[in-house]
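In this note's numbering, the protein residues as written are 1132 to 1581.
Since the structure comes first, as structure tokens, the remarks are kept for the end.
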């Protein structure tokens, strides 16, 4: 038996959840002090500027203390939670610590990412990305805080239910988006009292809409906190508008032949994933080969224009948490079918918030599909630090002039390119957009480039 005075309270730090992310906001705690937790059991949900992430426990033990309530923003590397893992001081590993990296999603060779034990010393390397662990020999240089352990509950007093409403993560996300407090709903209509989407929608419909919101200084006003993805997007847009002298050009394009190509592909394979948008993106990657200044970045130090051989396509995607930009890496090397499959995978991941930081960063050219929102056109904001962005309007039957003077009805869409005027001038942007439009209107000419 280990004496209580020799026990170590293990400190779990806010982990590094992605390149360039400095903080995270607590969305929801999934445990309370006194709870017994197991390795890999979710402790809380954190929201970053990129996504919502469930944080798993690197230890088995008893929750001693939580740092911060939902809504509080914590810096990476600061304490998140303290767990009594049952590990005696001065030992390398206690009974409540993951035995190997595979034992916990965020565990490293000696301890979990972001969690530090009392017996570790050395150079401070900081927290690491959850799910990636630490390399052999890596030492965070932080020590656990020695505290008097919380009174251990007897088996008869350990709660079997934390009182947390039963609901799946997507239902919780929906409730947060609609402003529904699951705690006041009681048992839901699902199995074993699980709260369902129908329950949440019913609760939202019953909420009064005539009252002032939190923080409103006048009746009928509401102050809505801007945090997480929306706060990051706001700062990003401000920077883009402040630093990039953008201009834009548009072109109305006839999609008749591209849609006919899509129909032929479907006739050969009914399950073909070759959508018009995927076909357009495939043509876009080919067009960028001949117009490298559109797949580039303006670098102040020099200054220089840095062009890229690889085309990492960012796809603007609307989610309940705000706008995110999943990235199709090396799109120039993907077939149309593979590109369509990757688009579908990233879109699904963006909607539910399961994409990794790498899947949300590193684009070299971005596309905003206004047509998916039912819009005919729009002028997108350049995704800093990129040189250009393409806006795609809805494909609809419209009057269209052909052969100089003949008016016909054709499926057309407006393509709009916003570009950094420091990187290219109007003539270069126009040449790029015209070349893309020509491929869309006659995709068979792509054979000349193969």
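Ideal placement from N, C-alpha and C gives every residue a C-beta, glycine not left out.
Given this structure, state the Cα-to-Cα distance separating residue 1398 from residue 1386, to the nearest angstrom. 18 Å
Leaving aside the five residues before and after residue 1475 along the sequence, list all residues of the same chain whose C-beta is less than 8 Å from its C-beta, in chain order. 1404
If you draw a straight line from the alpha carbon of residue 1430 to that of residue 1553, how long is it in whole angstroms? 10 Å
Output the residue ranges of the beta strand (DSSP E) runs that lie fully inside the stretch 1165-1198 and measure 3 residues or longer, sorted by chain position. 1173-1178, 1183-1187 and 1192-1197
Determine, using beta carbons only, whether residue 1422 and residue 1515 come nearer to each other than 8 Å. no
Rounded to the nearest angstrom, what separates residue 1391 and residue 1541 at their Cα positions? 12 Å
Give the secondary structure of residue 1252 by DSSP, where H, G and I count as helix, E and B as strand, and everything else as coil. Its pLDDT being 33, under 50, residue 1252 is placed unreliably in this model, and the value from its coordinates should be taken loosely. Correct three-state label for residue 1252: coil.
According to the neighbour-count rule (16 or more other Cβ atoms, all chains shown, within 10 Å of its Cβ), is residue 1290 buried or exposed? The predicted position of residue 1290 is uncertain, since its pLDDT is 39 and thus under 50; a value taken from the coordinates is nonetheless stated next. Flag for residue 1290 reads exposed.
Which of the three DSSP states is assigned to residue 1386 in this structure? coil
On the DSSP bridge assignment, give the partners of residue 1380 in chain order. 1548
Looking at residue 1194 and residue 1154, is the spacing between their C-beta atoms short of 8 Å? no
CB-CB under 7 Å to residue 1471, same chain, minus the five flanking residues each way: which ones, in chain order? 1404, 1405, 1406 and 1409
Inter-residue spacing [alpha-carbon to alpha-carbon] between residue 1363 and residue 1148: 14 Å
Start and end of the beta strand (DSSP E) containing residue 1359? Residue 1359 -> not in any beta strand (DSSP E); alpha helix (DSSP H) instead, spanning 1359-1374.
Is residue 1576 near the ligand MN, going by C-beta to nearest heavy atom under 7 Å? For the ligand MN, the structure offers nothing, since it holds no ligand at all.
Can we say the stretch 1484-1496 touches the stretch 1522-1539, given the rule of at least three CB pairs closer than 8 Å? no
Considering residue 1407, what are the terminal residues of the beta strand (DSSP E) in which it resides? It is not in any beta strand (DSSP E) - residue 1407 instead sits in the alpha helix (DSSP H) that spans 1407-1420.
Whole runs of the beta strand (DSSP E) within the stretch 1469-1494, excluding any shorter than 3 residues: none
Once you ignore the five residues that flank residue 1572 on each side, which residues in its own chain have a CB closer than 7 Å to its CB? 1384, 1385 and 1388
At what residues does the alpha helix (DSSP H) containing residue 1572 begin and finish? 1557-1572
What distance in whole Å lies between the Cβ atoms of residue 1498 and residue 1412, which are believed to be in contact at a cut-off of 8 Å? 7 Å
If you count every other CB in all the chains shown that lies within 10 Å of the CB of residue 1299, and 16 or more means buried, which is it? exposed
Helix or strand or just coil, what does DSSP make of residue 1517? strand
Please report how far the alpha carbon of residue 1428 lies from the alpha carbon of residue 1336, in whole angstroms. 47 Å
Assuming residue 1176 and residue 1190 make a contact with CB atoms under 8 Å, what is their CB distance in whole Å? No, residue 1176 and residue 1190 are not in contact; Cβ-Cβ is about 19 Å, not under 8 Å.
Start and end residues, beta strand (DSSP E) containing residue 1531: 1527-1533
Do the stretch 1501-1515 and the stretch 1365-1380 touch if we need at least three Cβ pairs shorter than 8 Å? yes
Which class does residue 1504 belong to by DSSP, given the choice of helix, strand or coil? helix
Reducing DSSP to helix, strand and coil, say where residue 1297 ends up. coil
Going straight from the alpha carbon of residue 1118 to that of residue 1146, what length do you get? For residue 1118 there is no data in the structure shown, the boundaries of the chain being 1132 and 1581.
In terms of DSSP beta bridges, what is residue 1444 paired with? 1459 and 1496
Any idea what DSSP makes of residue 1542, helix, strand or coil? strand
Have a look at residue 1161 and residue 1566 and give me their C-alpha separation to the nearest angstrom. 53 Å
Would you check if the distance between the CB atom of residue 1211 and the CB atom of residue 1198 is smaller than 8 Å? yes
What is the residue span of the beta strand (DSSP E) that residue 1206 lies within? 1204-1206
For residue 1479 and residue 1163, the rounded distance between their alpha carbons: 31 Å
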